[in-house]
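**Student:** Following this message is one structure expressed as structure tokens.
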Amino acid sequence: MSAAWVVADSWTMTRRELAHWARRPVQMVVGLVFPVMLLLMFGFLIGGGRGIDGEYVEFLVPGMFALTMAFGLEATMTAVTQDLGKGVVDRFRAMPMSSAAVLVGRSAADMLQSAVGLAVLAGVGLLLGWRWHGSPAAALSAFALLLLLRFAMLWIGIFLGMLAGRPEMVQAVQILVWPVGFLSNAFATPEAMPGWLGTVVEWNPMSATATAVRDLFGNPAAAGTSWAGDHAALLAVGWPVLLLAVFFPLAVARFRGLSR
């Protein structure tokens, strides 16, 4: 099978996923609005900022960026389980097309949607007073780290979606995703938490990304009090690469085994 065939089939599958945006506008809008609602809720209703040296909104917005990338796992799982439940994946596998195109199309569409969601959230953040204070190159590096985290979570979602097989099972994963998401420094500094909890929070992959992008944006961040806090940029790359090394081959192997 030529590389051109794989690319052509993958583009076809990507366009199929993008066509769902027009057919499911409510689902698309809800996906974009939900992180905005969280940002407004924590920024103005709940508040926070203990241990923050600076404006809380400038601490909160990068944390919300990272949280949104992590929560994208649920949308990926839902889409995968819906295709499996309707037999769509089986029909694609029976067609004369590259089997890799199914996963490539899914991942390409999800990454594009994540980029759009990130742009919307950044726009709302700017309206609320968030700014980046570093160079354009540093800002682009920060957004690249966020999308790297999303790419890793994407393959976790693809694998867990194929493992679950049914949309109802997504709810079971949500029970785990939400605590992991909130056990991070997205909304508060580890220093404002009990000692043992602060240590757990600092080693959360999402905390590493949030801290690294705050530094790149020039936004206020908690002073590093541990190895994880002092080497957040290294962990912001290392954690997603490690997760990809584990879940990418698992997802590919699971996909190949669906027809057995």
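Sequential numbering from 46 applies to the sequence shown in my numbering. The beta carbon of each residue, even a glycine, is placed where N, CA and C say it ideally should be.
#1: Excluding five sequence neighbours on each side, which residues of the same chain lie with their C-beta closer than 6 Å to the C-beta of residue 235?
#2: Taking one C-beta from the segment 104 to 114 and one from the segment 247 to 259 each time, how about it: are there three or more such pairs within less than 8 Å?
#3: Buried or exposed for residue 117, going by 16 or more other Cβ atoms inside 10 Å?
#4: Residue range of the alpha helix (DSSP H) that residue 119 falls in?
#5: Would you say residue 148 and residue 203 are within 8 Å of each other, going by their C-beta atoms?
#6: Under DSSP, the alpha helix (DSSP H) around residue 247 begins and ends at which residues?
#7: If you count every other CB in all the chains shown that lies within 10 Å of the CB of residue 223, and 16 or more means buried, which is it?
#8: Using DSSP with H/G/I as helix, E/B as strand and the rest coil, what is residue 263?
#9: What's the C-alpha gap between residue 196 and residue 302?
#10: Should the segment 274 to 289 be called in touch with the segment 210 to 221, which here means at least 3 C-beta pairs below 8 Å?
#11: Does residue 125 come within less than 8 Å of chain C when only Cβ atoms are used?
#12: Rounded to the nearest angstrom, what separates residue 307 and residue 184 at their Cα positions?
#13: For residue 199 and residue 216, I'd like the C-alpha separation in whole angstroms.
#14: With residue 214 as the anchor, note down where its alpha helix (DSSP H) starts and where it stops.
#15: Roughly how many angstroms lie between the CA atoms of residue 283 and residue 233, to the nearest whole one?
#16: Would you mind stating whether residue 42 and residue 156 have Cβ atoms separated by less than 8 Å?
#17: By DSSP, does residue 301 sit in helix, in strand, or in coil?
**Tutor:** With the given structure in hand:
#1: Take residue 235, set aside five residues on each side of it, and the residues of its chain with a beta-carbon closer than 6 Å to its own are 243, 246 and 247, in chain order.
#2: A contact exists between the segment 104 to 114 and the segment 247 to 259.
#3: Buried, since its Cβ has 16 or more Cβ neighbours within 10 Å.
#4: 101 to 130 is the extent of the alpha helix (DSSP H) around residue 119.
#5: With contacts defined by Cβ atoms closer than 8 Å, residue 148 and residue 203 form a contacting pair.
#6: It spans 240 to 247 - the alpha helix (DSSP H) in which residue 247 sits, taken as one unbroken run.
#7: That one is exposed.
#8: Correct three-state label for residue 263: coil.
#9: Spanning the two alpha carbons is a distance of roughly 23 Å.
#10: With contact defined as three or more Cβ pairs closer than 8 Å, the segment 274 to 289 and the segment 210 to 221 are not in contact.
#11: Judged by its chain identifiers, the structure shown contains no chain C, having just a single protein chain.
#12: Any question about residue 307 goes unanswered here, given that the chain covers just 46 to 305.
#13: When only Cα atoms are considered, residue 199 and residue 216 end up about 17 Å apart.
#14: In the DSSP assignment, residue 214 falls outside any alpha helix (DSSP H), carrying neither H nor E.
#15: For residue 283 and residue 233, the gap between their C-alpha atoms comes out near 23 Å.
#16: In the structure displayed, the chain extends from 46 to 305; residue 42 sits before or after that span and is not available.
#17: In this structure, residue 301 counts as helix in the three-state DSSP scheme.
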